[in-house]
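Report on the structure given below.
Number of protein chains: 2
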Amino acid sequence: MATDKAAGARSALPLDQILSGDCIDVMNSLPANSVDLIFADPPYNLQLKGELHRPDNSKVDAVDDAWDQFSSFRAYDKFSRAWLKAAHRILKPDGAIWVIGSYHNIFRVGAALQDQGYWILNDVVWRKSNPMPNFRGKRLTNAHETMIWAAKSDSGKYTFNYEALKELNEGTQMRSDWVIPICNGNERLKDANGQKAHPTQKPEALLHRVLVGSSKPGDVILDPFFGSGTTGAVAKRLGRHFIGIEREAKYRKVAEARIAKIRRHDRDALEVTQPKRAEPRVPFGHLVERGMLTPGDQLHSFNGRYKAKVRADGTLVAHDARGSIHQVGAILEGAPSCNGWTYWCFNRDGQKMPIDVLRQQVRSEMREN
Amino acid sequence: MATDKAAGARSALPLDQILSGDCIDVMNSLPANSVDLIFADPPYNLQLKGELHRPDNSKVDAVDDAWDQFSSFRAYDKFSRAWLKAAHRILKPDGAIWVIGSYHNIFRVGAALQDQGYWILNDVVWRKSNPMPNFRGKRLTNAHETMIWAAKSDSGKYTFNYEALKELNEGTQMRSDWVIPICNGNERLKDANGQKAHPTQKPEALLHRVLVGSSKPGDVILDPFFGSGTTGAVAKRLGRHFIGIEREAKYRKVAEARIAKIRRHDRDALEVTQPKRAEPRVPFGHLVERGMLTPGDQLHSFNGRYKAKVRADGTLVAHDARGSIHQVGAILEGAPSCNGWTYWCFNRDGQKMPIDVLRQQVRSEMREN
DNA sequence: ACTATCATTGAATCAGTCC
DNA sequence: TGGACTGATTCAATGATAG
Chain A
1 MATDKAAGAR
11 SALPLDQILS
21 GDCIDVMNSL
31 PANSVDLIFA
41 DPPYNLQLKG
51 ELHRPDNSKV
61 DAVDDAWDQF
71 SSFRAYDKFS
81 RAWLKAAHRI
91 LKPDGAIWVI
101 GSYHNIFRVG
111 AALQDQGYWI
121 LNDVVWRKSN
131 PMPNFRGKRL
141 TNAHETMIWA
151 AKSDSGKYTF
161 NYEALKELNE
171 GTQMRSDWVI
181 PICNGNERLK
191 DANGQKAHPT
201 QKPEALLHRV
211 LVGSSKPGDV
221 ILDPFFGSGT
231 TGAVAKRLGR
241 HFIGIEREAK
251 YRKVAEARIA
261 KIRRHDRDAL
271 EVTQPKRAEP
281 RVPFGHLVER
291 GMLTPGDQLH
301 SFNGRYKAKV
311 RADGTLVAHD
321 ARGSIHQVGA
331 ILEGAPSCNG
341 WTYWCFNRDG
351 QKMPIDVLRQ
361 QVRSEMREN
Chain B
370 MATDKAAGAR
380 SALPLDQILS
390 GDCIDVMNSL
400 PANSVDLIFA
410 DPPYNLQLKG
420 ELHRPDNSKV
430 DAVDDAWDQF
440 SSFRAYDKFS
450 RAWLKAAHRI
460 LKPDGAIWVI
470 GSYHNIFRVG
480 AALQDQGYWI
490 LNDVVWRKSN
500 PMPNFRGKRL
510 TNAHETMIWA
520 AKSDSGKYTF
530 NYEALKELNE
540 GTQMRSDWVI
550 PICNGNERLK
560 DANGQKAHPT
570 QKPEALLHRV
580 LVGSSKPGDV
590 ILDPFFGSGT
600 TGAVAKRLGR
610 HFIGIEREAK
620 YRKVAEARIA
630 KIRRHDRDAL
640 EVTQPKRAEP
650 RVPFGHLVER
660 GMLTPGDQLH
670 SFNGRYKAKV
680 RADGTLVAHD
690 ARGSIHQVGA
700 ILEGAPSCNG
710 WTYWCFNRDG
720 QKMPIDVLRQ
730 QVRSEMREN
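Chains as they are written, first to last, in the numbering used here: chain A, 1 to 369; chain B, 370 to 738.
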């Protein structure tokens with residue numbers, strides 16, 4: 001086990017803190033292969049030409065901060081490749097990254113990710129339910145932003161809590177387009193003057209879905225462009241550790257105060273639906289041993305096309321095949337593989353039932369001990 | 370006015386034809402500054418590793434055609450930059466381009482567009498109402514594709530029919546995410562054997578919106594990867610001229626037959642009455658993500674008999690049951706089914722309120738679009 | 001003719017464990 | 001580290017077939 005090594009690496013990490021400085025320097029100071037997940041909201045490199053006014057002549061408060069100014073695409077690319085490289089080093093081999101952006105920068109970031117060996121898992125569209133309209137009527141309403149979810153490499157065993165996200169979506173698998181409102185109202189942090197404390201504060205709902213879906217309780221989540229600290233706030237609430245990096249003192253202060261107020265949810269509220277694989281393995285032969293099926297019993301394929309006979313050792317014989325429930329199903333169907341538990345059915349009271357219900361019965365008996 | 374010059378250039382153009390050959394060579398043979406709009410559906414460079422089977426063991430018919438194979442990102446970039454350069458030359462100064470792709474290629478294409486001086490106007494998300502699921506449960510359902518809409522330069526006076534798109538969108542300005550079904554049913558072209566005639570035929574509804582929104586009647590629309598000819602079919606119907614370029618004879622033949630059947634301004638075929646939309650589904654988990662309920666919160670059954678705790682993934686845990694709001698209600702009541710929305714209540718200001726009021730709140734936010 | 005059920009299919013970078 | 005083996009996994013829409 002790598003437990004000692006992991007604990008060693010973790011103890012060296014500045015957990016649940018906001019580090020000051022340039023994110024590339026700070027990441028380079030952290031140990032390699034030590035972070036589970038990175039969420040990054042880098043500068044978008046907006047190329048604004050002038051002021052924008054609403055139809056009522058009020059001025060739109062645009063993102064024109066110094067940190068969003070780059071002299072050229074080349075300069076922006078150089079910056080992107082540098083921080084993505086530093087991020088790649090500190091990620092665990094099975095780690096992953098999320099990057100959010102708009103059409104101004106996301107194409108360049110995505111290409112850089114691919115060039116550096118990250119393996120894109122999905123691009124996810126954050127569809128804003130309440131976007132800012134296009135006041136001039138010169139383009140489509142820019143009603144979404146794009147997130148890229150990528151593993152450290154194409155062989156990385158990234159975390160994906162499929163069942164939890166399926167539950168979040170009321171029983172059907174989560175899609176790559178997420179409808180979430182932009183951050184305003186009470187959630188939007190204000191400074192002493194009542195002005196927004198950060199120009200691009202992300203909604204906590206977005207981070208909630210990201211972290212529930214692609215991290216585990218206790219994981220270390222790093223955000224190199226911490227800003228107002230949404231990543232830290234949601235990580236703390238969900239029982240994950242965070243590491244924030246932020247250059248500007250005023251944002252560090254805002255984020256610190258914000259996170260201090262957050263309480264972690266109860267442990268049992270953080271548990272999410274587990275995959276079936278986590279349940280104990282039940283060999284088919286045990287059903288025969290326990291007399292739930294008898295040697296000689298006939299099973300039928302769920303589609304009615306084939307039948308097979310149970311043997312005393314828990315193997316099946318069909319017309320032209322013998323072996324495990326999986327092997328015989330695969331051979332008969334001419335398929336590379338087959339889940340025998342759901343493929344084969346037996347008769348109970350004239351009803352066709354998959355043998356998986358017998359396995360469930362065994363498992364629930366095992367739990368009672 | 371440049372009328373004479375435009376007429377001269379146009380007379381040299383092979384209008385309403387499908388040209389054979391490599392799209393770069395063919396575009397280079399056309400006059401400069403002569404095309405109003407380009408719609409391009411280039412190869413996506415999918416990097417598939419093996420076969421994929423559905424849970425019922427049927428095999429997914431993947432896009433593994435030779436035209437989609439590139440040896441490396443570098444080779445794909447070289448190809449992209451070459452055809453984009455040729456496209457740039459033949460576009461009129463006020464022309465524009467649309468390119469469609471997936472996360473496999475769209476970031477590279479987008480970066481190439483920017484590098485070559487195109488000016489991105491919007492990225493548009495095609496949200497598929499009926500995407501192929503993720504059969505292994507290893508990622509999010511890949512439920513969208515991305516289109517980039519760009520002008521020839523940042524000073525180009527591109528065509529944008531703001532009002533027409535606003536009408537198409539029931540009176541509110543068109544957003545950057547479009548919900549459109551994938552192409553199947555009668556619209557999907559089949560060959561003599563009943564097999565799909567082209568692996569990646571795009572829906573006409575998509576092109577309809579593109580052409581209505583960003584071109585004028587009589588404009589010249591060029592599609593360098595013509596395939597089954599959706600661009601030509603929609604252009605002809607909408608009274609635009611098209612120029613198709615397609616390398617493979619079998620696709621040229623399919624497209625030619627298809628377009629021959631199209632009648633211009635066949636309005637009643639376009640104007641289908643829209644069914645009144647049902648209320649949008651709101652998964653319970655979304656209330657948790659948005660902080661309307663918090664993991665750990667307790668819910669009470671409306672009859673006061675049971676209580677349950679909310680988890681981070683939008684499932685409930687009760688004394689002896691866990692699952693969706695509906696499942697847990699049904700288990701506790703010993704009922705075959707249960708409407709969790711009206712069964713479960715939360716406390717607000719000491720008042721017991723059904724969670725359905727929270728759902729109503731989310732729906733009214735969604736309607737604000 | 002109408003309804004219910006079943007089969008098919010779509011641009012997909014789609015497995016984990018044990019020996 | 002490679003090979004054998006277990007076994008997890010799907011949504012919406014269309015069209016065909018059965019009742």
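All C-beta atoms, glycine included, are put in the ideal place defined by N, C-alpha and C.
As the structure is a computational prediction, the values presented were derived from the model and not from experiment.
Which residues DSSP lists as bridging residue i, in chain order
i	result
A:S102	Paired residues: none, contrary to the question.
A:V179	A:R127
B:M516	B:I469, B:V493
A:W344	A:S301
B:Q386	B:I612
A:L316	A:V310, A:G323
Residue i in three-state terms, based on DSSP
i	result
B:I631	coil
A:G232	helix
B:N738	Confidence is the limiting factor: at B:N738 the pLDDT is only 47, short of 50, which leaves the residue's position unreliable and the question unanswerable from this model.
A:G323	strand
B:H655	helix
B:D484	helix
A:M132	coil
A:L238	coil
B:Q720	strand
B:L727	helix
B:L701	helix
A:G95	strand
A:K152	coil
B:H565	Residue 565 of chain B is actually Lys in this sequence, not His. Correct three-state label for B:K565: strand.
A:K253	helix
A:K276	helix
Continuous alpha helix (DSSP H) stretch holding residue i: start and end
i	result
A:I24	23-28
A:V212	204-214
B:G448	Gly is not the amino acid found at residue 448 of chain B; the sequence shown has Phe there. Residues 442-459.
B:A533	531-537
A:A269	267-270
Given residue i as reference, the closest of the options once Cα atoms are compared
i	options	result
A:F302	A:N339, A:D313, A:K196	A:N339
B:D430	B:D682, B:N491, B:A566	B:A566
B:A652	A:V124, A:V179, A:D297, A:S155	It should be noted that the sequence gives Pro, not Ala, for residue 652 of chain B. The option with the nearest alpha carbon to B:P652 is A:V179.
B:F611	B:A618, B:P593, B:G660, B:T569	B:P593
A:L37	A:L207, A:L358, A:M292	A:L207
A:S129	A:A40, A:M27, A:N184, A:D25	A:N184
A:P133	A:G194, A:M292, A:V125, A:H53	A:H53
A:E145	A:Y158, A:V99, A:K236	A:V99
B:L656	B:G683, B:Q416, B:P649	B:G683
Host beta strand (DSSP E) of residue i (start-end)
i	result
B:G419	It is not in any beta strand (DSSP E) - B:G419 carries neither H nor E in the DSSP assignment.
B:K678	676-679
B:L509	Unbroken run through B:L509: none, as it is neither H nor E.
A:A40	35-40
A:V220	220-223
Residues near residue i in its chain [Cβ-Cβ closer than 6 Å; skip 5 each side]
i	result
A:K166	Q173
A:L91	V35, K152
A:G227	H198, Y251
A:D77	R108
A:A112	S80, R81, L84
Own chain partners of residue i with C-beta closer than 8 Å, once the 5 adjacent residues on each side are dropped
i	result
A:D297	K309, V310, F346
B:K721	H669, F671, C714, F715
B:M370	In this prediction, B:M370 has a pLDDT of 42, which is less than 50 and means its spatial position is unreliable; nothing more can be read from the coordinates.
A:H203	One point to set straight first is that residue 203 of chain A is Pro, not His, in the sequence displayed. Counting only Cβ-Cβ distances below 8 Å, and skipping sequence neighbours, we find I180, P181, I182, C183, E187, T230.
A:T159	D36, L37, D94, A96, S214, S215, K216, D219
B:R659	V731
Contact test: residue i Cβ vs the ligand COA heavy atom, cutoff 7 Å
i	result
A:Q351	In the structure shown, the ligand COA is absent, as is every other ligand, since no ligand is present at all.
Own chain, CB closer than 7 Å to residue i, minus 5 neighbours either side, in chain order
i	result
B:D391	R616
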